[in-house]
Structures are given as C-alpha cells and as structure tokens.
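Shown next, in structure tokens, is the structure this report addresses.
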C-alpha cells in the first residue's frame, strides 16, 4: 500500500469538511436531553447538514445504512442505529457520530454527551476517553509507515 501525500489545497478542503462535522455536533448539543429520541437527533443533524451546510451526510445510504448519523447509547460501543424507540433519559450517555462529505472530502467526528447526572462509572468513562483524545503528541514524530509491520509498532 502506498501513501498519497495531500497538497495544501487538499488539506484545506479536508479541514473544511472536518469543521462541518464539528459544527453539526455543536448544533445538536442543546437538543441532546431527556425525552428526545435518537431518531429525532438523526433528523435534526440530517436537516442541518443538507439544508444549512449543504453537504452530504457520509453514512446515509452507505451499504444501505438509512441514517445520517450513528447514535450509541450507554453500553452500545459504536455505530448505533437511531430510532424513535430509543428515548434519552436522565443518567444516559450517548455518543453521536457525525461524518460529512463536501467537495469529495470526508470527515468523521463524534461527541459524547451526558444526559443530566450520570453514574460515577459513566462519568469516569467519559472523562478518561476525553483525556486520551486530548493527549498531546508531536506531529514531527509522525512518519509514514513504509512497510512497517504491526509488531514494529508494538515493540
């Protein structure tokens, strides 16, 4: 497998697509509360992406997937299907996974939400995963793998 290096223009287009996904997650934040269904979250995100941002929800129709976002509640690890039957309640945690396409460039982002007061275990899960995501790293240390094997990375 070869690595394709992006031009500055391509990188800028990738940034724009990524910014759109972050904006969707900012937009949906006030709607993620008790009494809201994950189906409603999907519809709100879809309408925002299509009508306001004028981008394409990347998951929609991918291998038949009928939704614009993925919603994973509590113990569901990832890529949950939005549903009118899943109603958020106090104490839930939900991850909303949002991916956009603009001008042929894809983004993928997600955000975890706590619905009201959550258990200490759920609060710790959210805090630890956020801390792992926010760990600093030096971009200068990242290099293409060039035929590197998994055992080379793990040792």
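Residue numbers (the numbering used here): 2 to 156.
By construction, the Cβ of each residue, glycine as well, lies at the ideal position given by its N, Cα and C atoms.
Keep in mind the model is a prediction, meaning the values are calculated, not measured.
Each of 34, 62, 29 and 51 was checked against the Cα of residue 93, and the nearest Cα belongs to 34. Taking C-beta atoms as the reference points, residue 70 and residue 115 fail to come closer than 8 Å.
Per the C-alpha coordinates, the member of 82, 53, 51 and 49 positioned closest to residue 65 is 82. Contact between residue 50 and residue 106 is absent: CB atoms are separated by about 14 Å, not below the 8 Å threshold. By the neighbour-count definition (other C-beta atoms within 10 Å, threshold 16), residue 135 is an exposed residue.
Secondary structure note for residue 30: it is in no beta strand (DSSP E), with a DSSP letter that is neither H nor E. Each residue's CA atom was taken as its position, placing residue 62 and residue 4 some 28 Å apart.
Residue 121 sits in a helix when the DSSP states are folded into three classes. By the neighbour-count criterion, in which a residue is buried when 16 or more other Cβ atoms sit within 10 angstroms of its Cβ, residue 132 is exposed.
DSSP, read as helix, strand or coil, puts residue 53 in helix. Just so you know, the alpha carbons of residue 12 and residue 108 end up roughly 12 Å apart. With a threshold of 16 other beta carbon atoms within 10 Å, residue 137 falls short and is exposed. Taking residue 90 as the centre and dropping the five residues before and after it, the same chain places the C-beta of 35 closer than 6 Å to its C-beta, in chain order.
If you check the CB distance, residue 74 and residue 130 do not come in under 8 Å.
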